[in-house]
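**Student:** Sharing a structure with you now.
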Amino acid sequence: MTTSLDVNGVTVAYRTAGDPGNPPLVLLHGLGDSAADWQTVLPDLSETHHVYALDLRGHGYSARPGKYSFELMRDDVLGFLDAAGIDRCVLVGHSMGAVVATLVVVAAPGRVSHLVVEDAVVPRPGALSRPPLPAPTEATPFDWAVVNAIRAQLNDPDPAWWEALPTLTAPTLIISGAESPVPHELLADAADRIPDAVLATVTAGHNVHTEQPTAFMSELTRFLQNH
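When we follow our numbering, the leftmost residue of the sequence shown carries the number 3, and every step to the right adds one.
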């Protein structure tokens, strides 16, 4: 069931699963996806956690305010945690959601007990080239304006994001898709900069949790048990 909360003047939709008495775990999807993208691993995650799968602004059932950036999404997530009464959580992000999740930890380290980022890290200046894309002729299930707003920030990121990685205090797992177009060396470089980060490589493309859900869950479960 999808419900919503008003956060910073924006409606943020989300799904929940699992026992509310279990520790909270928040899921942040990638560009163009929604909370539904986590369905492959949601049953397993909900066995041990109370899971909140968010639709980030411009996606799914959340509002489409027309203004998009990693920072705005970061603030939406922090506002959501406040509105939902979540003091501290495991935070899991895929692709765009991984960048948002990392920025949440940078801004409010006490709110995240463990950080899990899937096949993405905050962009290193000069590391990525994502030219703008023309709008499709058919309607998309998300606000197309998000796409080029996010791609522009990947091309020209705030250098402070990368520089902040050595300050992360939450135990961090980086899951890399061995067959993904995302440069593995970028993920490895980030893992070297984050204190005690764990880098796990799975034989999959960019969408590890949908292509190899069992392997994804094995890495995540092992990480949470060991940290």
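Ideal Cβ placement from N, Cα and C applies to all residues, glycine included.
1) Whole angstroms are fine: how far does the CA of residue 37 sit from the CA of residue 58?
2) Identify which residue in 23, 24, 7 has its Cα closest to the Cα of residue 16.
3) Over the uninterrupted alpha helix (DSSP H) stretch that includes residue 6, give me the two end residues.
4) Comparing C-alpha positions only, which one of 29, 53, 11 sits nearest to residue 23?
5) Smallest Cα separation from residue 109: which of 121, 162, 63?
6) Buried or exposed for residue 64, going by 16 or more other Cβ atoms inside 10 Å?
7) Do three or more CB pairs link the region 202 to 222 to the region 175 to 185 at distances below 8 angstroms?
8) Quick check: what's the CA-CA separation for residue 228 versus residue 114?
9) Where does residue 152 sit, in a helix, a strand or coil, going by DSSP?
10) Could you have a look at residue 97 and say whether DSSP puts it in helix, strand or coil?
11) Is the beta carbon of residue 55 closer than 9 angstroms to that of residue 103?
12) Taking C-alpha atoms, which residue in 117, 154, 143, 122 lies nearest to residue 133?
13) How many angstroms separate the CA atom of residue 130 from the CA atom of residue 9?
14) For residue 70, which residues of its own chain have a beta-carbon under 7 angstroms away from its beta-carbon, when the five flanking residues on both sides are left out?
15) Since residue 116 sits in a beta bridge, which residues does DSSP pair it with?
16) In or out: residue 224 buried (at least 16 other Cβ within 10 Å) or exposed?
**Tutor:** So, from the listed chains and residues:
1) As a first step, residue 58 is located in the sequence shown; it is residue number 56 there, counting from the start. As a first step, residue 37 is located in the sequence shown; it is residue number 35 there, counting from the start. Residue 58 and residue 37: Cα-Cα distance of roughly 8 angstroms.
2) Numbered from its first residue, the sequence shown carries residue 16 at position 14. Per the Cα distances, 7.
3) Counting from one through the sequence shown, the residue named residue 6 turns up at place 4. Per DSSP, residue 6 belongs to no alpha helix (DSSP H); it is in the beta strand (DSSP E), 4 to 9.
4) Numbered from 1 along the sequence shown, position 21 holds the residue referred to as residue 23. Among 29, 53, 11, the Cα nearest to that of residue 23 belongs to 53.
5) For the purposes of this step, residue 109 is identified with residue 107 of the sequence shown, where counting begins at 1. The residue with the shortest Cα to Cα distance from residue 109 is 162.
6) Start at 1 with the first residue of the sequence shown, and residue 64 comes out as number 62. That one is buried.
7) yes
8) For this step, residue 228 is matched to residue 226 along the sequence shown. For this step, residue 114 is matched to residue 112 along the sequence shown. So the two alpha carbons sit approximately 16 angstroms from each other.
9) As a first step, residue 152 is located in the sequence shown; it is residue number 150 there, counting from the start. The answer is helix: DSSP assigns residue 152 an H, G or I state.
10) Working through the sequence shown from its first residue, we reach residue 97 at position 95. The answer is coil: DSSP assigns residue 97 none of H, G, I, E or B.
11) Position 101 of the sequence shown holds residue 103. Position 53 of the sequence shown holds residue 55. The answer is no: Cβ separation not under 9 angstroms.
12) Locating residue 133 in the sequence shown gives position 131, where the first residue counts as 1. Ranking the options by Cα distance to residue 133, first place goes to 154.
13) Residue 130 sits at position 128 when you count from the first residue of the sequence shown. Residue 9 sits at position 7 when you count from the first residue of the sequence shown. When rounded, the distance between both Cα atoms is 31 angstroms.
14) In the sequence shown, counting from the first residue as 1, residue 70 sits at position 68. Same-chain partners within the cutoff: 59, 60, 147, 148, 151, 152.
15) Locating residue 116 in the sequence shown gives position 114, where the first residue counts as 1. Within the DSSP secondary-structure output, residue 116 pairs in a beta bridge with 92.
16) The residue given as residue 224 occupies position 222 in the sequence shown. Exposed: under 16 other Cβ atoms inside 10 Å.
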